[in-house]
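K.L.:
To start, I am sharing the structure in question, which I have written as structure tokens.
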Amino acid sequence: MTMGAIAYDTAHLIGATVLMMGFGLLYQRRMTAVIRTYSLQAMALAAAAAWQAYIQDAPHLYATAAIALLFKGIAVPAALQWLVRKLGIHRTVETALGIGPTMMAGVGLVALSIVLVLPVTENATALTRESIALAMSVVLLGLLMMITRRNAVTQVVGFMALENGLLLGAVGAKGMPLVVEISIAFSVLVAMTLFGIFFFRIRERFDSLDLAYLETYRGERQ
Amino acid sequence: MISLAAAFSDPLPWILGIPLAGSPLLALIPRWRWGAWGNVILSALTLAAACGLFVIRPEAGPLLFIDDFNIYLVVLTAFVGFSTSLFSAAYITRESKGSRLTPLQLRFYHAMYQAFMLTMLLALCANNIGVLWVAVEGATLTTVLMVSLYRTREAIEAAWKYFILCSVGIGLALFGTILIYLAAQPVMGDGMSAMAWSVMMKRASSFQPELISLGFVFLLVGYGTKTGLAPLHAWLPDAHAEGPTPISAVLSGLLLNVALYALLRFKMLISANGHALAPGPLLISLGTLSIFVAAFMLYRRGDIKRLFAYSSVEHMGLMTFAFGMGGPLANFAGLLHMAMHSLVKSAIFFSVGMIAQAAGTKRLADIRGLTASRPLLGWLLVVGVLAIAGLPPMGVFMSEFLVISSTFARQPWLALPVMLGLLVAFGALVLRLQGLAFGEPTPLPGLEGVRAPSRFTRTIGYLPIFAHLSLALVAGIMLPGPLVTWFQAVAKMLG
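Respectively, the protein sequence lines represent chains V and B. Residue numbering for the first sequence follows our numbering, beginning at 6 and increasing consecutively. Residue numbering for the second sequence follows our numbering, beginning at 404 and increasing consecutively.
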């Protein structure tokens, strides 16, 4: 087996792991398990970035990998676990759509991304094609999670899973400038503090993080 | 000395540097009055630097550039930013008398205002699609913080909704950006140049068309969310209604324009490619849908700021429609409408802010007879609303007329639904205006127990409204010749 084939297979394997964790997020019923699965996804993403850095010979991607591992894989999940404990929010995750239908929809979305991406990337290398298809699947699964969950924390995890997908796409695109990777990591950081403020404010007002409480207000004061 | 001369020869670092330095500076100023004036001075300096672009056009760099298209939006943004900072100083003076905001919140507000201006200007000047994305993301973050400033239940819901919807939108836009890079990379090679507008436009015809098409769909959904196109507009009315009024004015007048600008740049790339999907039909259908949804929603509004927020959705729809039609005349109309809508809508929000402060409420049913109780404010609102509804002789009439007539000449069937939507919206606005401006005046409890603002505060509150409305009037009566030639040149660029 040539080096190119090994490089391809490993990248494929790691990308598929990120995708698997995306599915994992969809069927977890406990808040702590959701956060742990997200952490695993971020670590898989770090591995993907490091592998791309190695095979593309692009050392700046190691920085992306380090940020993904330390910040998204360790710090953010720890902060979220702390937040969940501190707020004492219920352990079960409330879903707007059952687990079964959600998984079916997820499979459909992955099929959709493959059907969409593979035909249009014929000129790109096989490596890029696969990572873009996987990245788009992860993005769509994150979106699905945001739609099917009612709780603010799980929605945020869905959003961060979506960002993991974006990052997977960015590291897979050969030679993409660093600006974007740093900006993504940075925006997650800012977003996180932002979310923190929000949680506390919502907590102050409603004593709950269930968005259904917010929805009683429809924006019209007739 | 040489470096000093070099620094003055290029306005671009100043345009971005002033708000960049200003934001932390204003966060440090302890007294809010000084903060408000600092904000005005910084915005005036930014405007002066932006006007410098007319004299010296900087060379295109790898990250920033100025061309015929963005120069006008940079100057417009700096101008509206400056006049809003004036209005904001008057607004904040009144607001702090009602003690709705603490000094610390006001410091934060002013710092965020400058940070917002920085992100807007950076997005407009960006030569790199990655920098553009970062700037639009930054704009989302700063405005979310400003929308939630009052910390009421409504403000928190509005900010949350805005944040979630626009973050997802911006996420999808990034995916689109990655796809465009992938389309460019085989031709341009790795690295920065594969993301720079100025270089990409020259070689766009050899990019892979399918990849650009797929990327454009993601970009359309992503930046379209920020433009407030239906059905992705759900965040817009809430964010406009619950934040401080100066922020509603800059959201409508600037942020929506910048998001549309981002879309148009990618549309230019597609047109330059020539083989990718035609963006016209997509823009036309989203635009028409926005006009319709907003026009009918206008009838059921009970809140004065939400009413005008929906009117912004309608006008963004109209611009998107015009750019979707394409061609020199429709593009000309779209560009003109962008400027006119910015000026008039922010003027309306300025008067609405003062009205809501005087009435102590935003409920339309509780505000009546303004031309009798507050003649100047009432009549300014009448002029502003009639202007935005598209009555002559204001500039909005001119641009709407151009959109409709150019569409009639080419695709009469497309002009009909647009005209219908505009008429429905016109009816709604006139209906609401009648209640607001005429009839038996309601008491204005917001003014009771509050010391009347000084003559100076009143003047700087009204000045921006007068300035914006007179500019719109001048543009409606006689658009200056150089401006026309220049609009025509840009319209040609847009394809």
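Virtual Cβ for every residue (Gly too), placed ideally from N, Cα, C. Model, not experiment: these values are computed from the prediction.
Indicate the three-state DSSP secondary structure (helix, strand or coil) for Asp641/B in the structure shown.
P.N.:
In this structure, Asp641/B counts as helix in the three-state DSSP scheme.
K.L.:
If distances are taken between C-alpha atoms only, which option among Thr723/B, Met722/B, Tyr702/B comes closest to Tyr713/B?
P.N.:
Cα-wise, what sits closest to Tyr713/B is Tyr702/B.
K.L.:
Does any residue of chain B have a CB that is nearer than 8 angstroms to the CB of Val184/V?
P.N.:
Caution is warranted here: a pLDDT of 47 is assigned to Val184/V, below 50, making its placement in the model unreliable, and no coordinate value can be reported.
K.L.:
Restricting to Cα atoms, I'd like to know which of Ile79/V, Leu132/V, Lys91/V, Gln46/V is closest to Thr15/V.
P.N.:
Closest option to Thr15/V, Cα to Cα, is Leu132/V.
K.L.:
Buried or exposed: where does His871/B fall if 16 or more other Cβ atoms within 10 Å of its Cβ makes it buried?
P.N.:
So His871/B counts as buried.
K.L.:
What is the residue span of the alpha helix (DSSP H) that Asn442/B lies within?
P.N.:
Note, Asn442/B: alpha helix (DSSP H), 435 to 458.
K.L.:
How many angstroms separate the CA atom of Arg90/V from the CA atom of Leu75/V?
P.N.:
So the two alpha carbons sit approximately 21 angstroms from each other.
K.L.:
List the residues of chain V that Gly574/B touches, going by C-beta distances under 9 angstroms, in chain order.
P.N.:
Simply Val144, Gly147, Leu148, Phe164, Leu167, Glu168, Gly170, Leu171.
K.L.:
If you run the structure through DSSP and keep just helix, strand and coil, what is Leu680/B?
P.N.:
Note: Leu680/B maps to coil in three-state DSSP.
K.L.:
So which residues of chain B does Gly180/V contact, with C-beta pairs closer than 7 angstroms?
P.N.:
Those within 7 angstroms of Gly180/V in chain B are Gln588, Asp593, Gly594.
K.L.:
Helix, strand or coil, according to DSSP, for Val184/V in the structure here?
P.N.:
The pLDDT assigned to Val184/V is 47, lower than 50, so where the model puts this residue is not dependable; a value taken from the coordinates is nonetheless given after this. Val184/V: helix per DSSP, three-state reduction.
K.L.:
Please go through the same chain and pick out, in chain order, the residues whose beta-carbon is closer than 7 angstroms to the beta-carbon of Leu689/B, but skip the five residues on each side of it.
P.N.:
Closer than 7 angstroms at Cβ, skipping near neighbours: Gly627, Leu632, Thr723.
K.L.:
Is it buried or exposed, Gly879/B, if we count other Cβ atoms within 10 angstroms and call 16 or more buried?
P.N.:
Counting Cβ neighbours within 10 Å, Gly879/B comes out buried, since at least 16 surround it.
K.L.:
By DSSP's criteria, Asn531/B is part of a beta bridge. Which residues make up the other side?
P.N.:
Paired residues: Ala599/B.
K.L.:
Going residue by residue through the segment 527 to 577 of chain B, where are the continuous alpha helix (DSSP H) segments of at least 4 residues, counting only ones entirely within it?
P.N.:
The qualifying runs are 532 to 550.
K.L.:
Hey, would you say Val176/V sits closer than 8 angstroms to Ala71/V, going by beta carbons?
P.N.:
For Val176/V and Ala71/V, no; Cβs fall outside 8 angstroms.
K.L.:
When we look at the beta-carbon of Gln588/B and count the other beta-carbons within 10 Å, is it buried (16 or more) or exposed?
P.N.:
Counting Cβ neighbours within 10 Å, Gln588/B comes out buried, since at least 16 surround it.
K.L.:
So with Cβ pairs under 8 angstroms, would you call Thr133/V a contact of chain B?
P.N.:
Closer than 8 angstroms: yes.
K.L.:
In whole angstroms, what separates the C-alpha of Lys708/B from that of Leu450/B?
P.N.:
If I take the Cα positions, the gap works out to 27 angstroms.
K.L.:
Are the C-beta atoms of Gln57/V and some chain B residue less than 8 angstroms apart?
P.N.:
So no, Gln57/V is outside the interface.
K.L.:
Quick check: is the beta carbon of Leu585/B nearer than 8 angstroms to any beta carbon in chain V?
P.N.:
Leu585/B counts as touching chain V.
K.L.:
State the CB to CB distance for the pair Ile474/B and Leu448/B, rounded to an integer number of angstroms; the pair is presumed to be in contact (CB under 8 angstroms).
P.N.:
Going by Cβ atoms, the distance from Ile474/B to Leu448/B rounds to 18 angstroms, so no, they are not a contact pair.
K.L.:
Tell whether a beta-carbon distance below 8 angstroms holds between Phe735/B and Ala894/B.
P.N.:
The answer is yes: Cβ separation under 8 angstroms.
K.L.:
For a quick check, are the C-beta atoms of Gly574/B and His513/B less than 8 angstroms apart?
P.N.:
Not in contact: Gly574/B and His513/B (Cβ atoms no closer than 8 angstroms).
K.L.:
Pick helix, strand or coil for Asp769/B, following the three-state DSSP scheme.
P.N.:
Here Asp769/B sits in helix by DSSP.
K.L.:
Does any C-beta atom of chain V lie closer than 8 angstroms to the C-beta of Gly921/B?
P.N.:
Examination of residue 921/B is not possible in this model, given that chain B is present from 404 through 898 alone.
K.L.:
Can the beta-carbon of Leu635/B be found less than 8 angstroms from the beta-carbon of Gly572/B?
P.N.:
In contact: Leu635/B and Gly572/B (Cβ atoms closer than 8 angstroms).
K.L.:
Give the secondary structure of Arg35/V by DSSP, where H, G and I count as helix, E and B as strand, and everything else as coil.
P.N.:
Correct three-state label for Arg35/V: strand.
K.L.:
Under 8 angstroms, Cβ to Cβ, is there at least one residue of chain V near Ser570/B?
P.N.:
Interface residue, yes.
K.L.:
Which residues of the segment 20 to 43 of chain V have a Cβ closer than 8 angstroms to any Cβ of chain B? Give them in chain order.
P.N.:
Here the close residues number zero.
K.L.:
If the cut is a Cβ gap below 7 angstroms, which residues of chain B does Val176/V touch?
P.N.:
Those within 7 angstroms of Val176/V in chain B number zero; the least Cβ separation is about 10 angstroms.
K.L.:
Leaving aside the five residues before and after Ala481/B along the sequence, list all residues of the same chain whose C-beta is less than 6 angstroms from its C-beta, in chain order.
P.N.:
Hits under 6 angstroms: Thr449, Leu450, Ala453.
K.L.:
Output needed for Ala761/B: all residues of its chain with C-beta closer than 7 angstroms, excluding positions within five of it in sequence on either side, in chain order.
P.N.:
Result list for Ala761/B: Arg777, Leu847, Gly849, Leu850, in chain order.
K.L.:
Using only the alpha-carbon positions, how far apart do Ile60/V and Ala12/V sit?
P.N.:
One C-alpha to the other measures close to 7 angstroms.
K.L.:
For the segment 95 to 177 of chain V, list the alpha helix (DSSP H) runs that are entirely contained and at least 4 residues long, ordered along the chain.
P.N.:
Counting whole runs of 4 or more residues, the segment 95 to 177 of chain V contains the alpha helix (DSSP H) stretches 104 to 125, 131 to 153, 157 to 177.
K.L.:
If you count every other CB in all the chains shown that lies within 10 Å of the CB of Thr505/B, and 16 or more means buried, which is it?
P.N.:
The residue is exposed, with fewer than 16 neighbouring Cβ atoms inside 10 Å.
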